[in-house]
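First residue of the sequence shown? That's 820 in my numbering, and the numbers climb one at a time after it. Single-structure report; data block below.
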Amino acid sequence: MQLHNQTIIPDNLINPILQLSGKHIRARTPDVLVLVTSLVRGGLTKGTAFNYHTISSKRLKNSTSSRILITDGGWIHLRIPPISSVSSSKMFVQRFWYVCLHEWGHIFDLQNGGPKRLPWSKDHRQRWIDRPEEQRAELYVAEVETKIHLGILKNPISILTELENWIDTYQVR
Ligand SMILES: [Zn+2]
Numbered sequence: 820m821q822l823h824n825q826t827i828i829p830d831n832l833i834n835p836i837l838q839l840s841g842k843h844i845r846a847r848t849p850d851v852l853v854l855v856t857s858l859v860r861g862g863l864t865k866g867t868a869f870n871y872h873t874i875s876s877k878r879l880k881n882s883t884s885s886r887i888l889i890t891d892g893g894w895i896h897l898r899i900p901p902i903s904s905v906s907s908s909k910m911f912v913q914r915f916w917y918v919c920l921h922e923w924g925h926i927f928d929l930q931n932g933g934p935k936r937l938p939w940s941k942d943h944r945q946r947w948i949d950r951p952e953e954q955r956a957e958l959y960v961a962e963v964e965t966k967i968h969l970g971i972l973k974n975p976i977s978i979l980t981e982l983e984n985w986i987d988t989y990q991v992r
């Protein structure tokens with residue numbers, strides 16, 4: 820996984836969460852690019868998975884060339900609220916975990932079914948939750964959550980708690 824983290828959260832807290840969620844969904848994670856940026860205002864963490872295999876490096880910090888990067892099976896953009904605006908670190912990490920799973924679900928689809936599995940969404944298409952690709956992603960998330968509950972898959976609690984603690988510590992500084 821190529822992590823491009825433009826937030827104040829350290830890479831070593833984000834990386835394990837992305838790795839484990841991708842593994843649980845059974846996506847091929849190694850060459851997928853994940854860009855994490857901050858939203859200007861507060862709100863919920865948002866994610867988008869893209870069905871094309873290129874990204875302009877202009878979008879990536881510390882990259883001066885306009886080289887196009889090739890990724891394996893699309894790429895993911897996660898947008899998180901400013902940490903100072905987070906009122907519950909527990910809710911933040913739970914939402915972050917869910918969004919990671921959901922977006923890896925789209926990547927899994929792409930890697931296994933090709934670009935038609937993740938059509939570009941226009942606003943006037945079906946309601947978000949009525950789209951087949953969103954229903955599949957939600958199904959993958961539900962399967963993972965059930966397997967964690969049953970002890971079949973590793974529980975992410977320790978890595979989520981690390982991020983939670985970091986947020987709590989950051990906010991009292
Ligand atoms: Zn989605």
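Beta carbons: idealized from backbone N, C-alpha and C, even for Gly. Remember, predicted model here, so these are calculated numbers, not experimental data.
Where residue i falls: helix, strand or coil (DSSP)
i, result
"Ala961", "helix"
"Ser907", "coil"
"Leu972", "coil"
"Asp949", "helix"
Residues near residue i in its chain [Cβ-Cβ closer than 7 Å; skip 5 each side]
i, result
"Gln838", "Met820, Thr848"
"Gly892", "Arg847, Val851, Ile926, Leu929, Gln930"
Residue burial classification, residue i (beta-carbon count within 10 angstroms, cutoff 16)
i, result
"Ala961", "exposed"
"Asn984", "exposed"
"Pro975", "buried"
"His943", "Interpretation of His943 is limited by its pLDDT of 49, a score under 50 that renders its predicted location unreliable; no figure is taken from the coordinates."
Residues near residue i in its chain [Cβ-Cβ closer than 6 Å; skip 5 each side]
i, result
"Tyr959", "Ile844, Gly924"
"Lys941", "For Lys941, the pLDDT reaches just 49, beneath the cut-off of 50, and the residue's location in the model is therefore unreliable, leaving the point undetermined."
Residues that residue i bridges to, as DSSP identifies them
i, result
"His819", "The structure shown does not extend to residue 819, since the chain spans only 820 to 992, so no value can be given for it."
"Ile889", "Thr873"
"Ile895", "Val853, Ala868"
Cβ-based neighbour list, residue i, same chain, cut-off 8 Å, excluding 5 preceding and 5 following
i, result
"Gln913", "Leu979"
"Gln990", "Ile902, Ser903, Val905, Ser908"
Alpha-carbon to alpha-carbon, residue j and residue i
i, j, result
"Arg898", "Ile971", "30 Å"
"Thr890", "Lys909", "32 Å"
"Leu854", "Pro835", "15 Å"
"Leu982", "His823", "17 Å"
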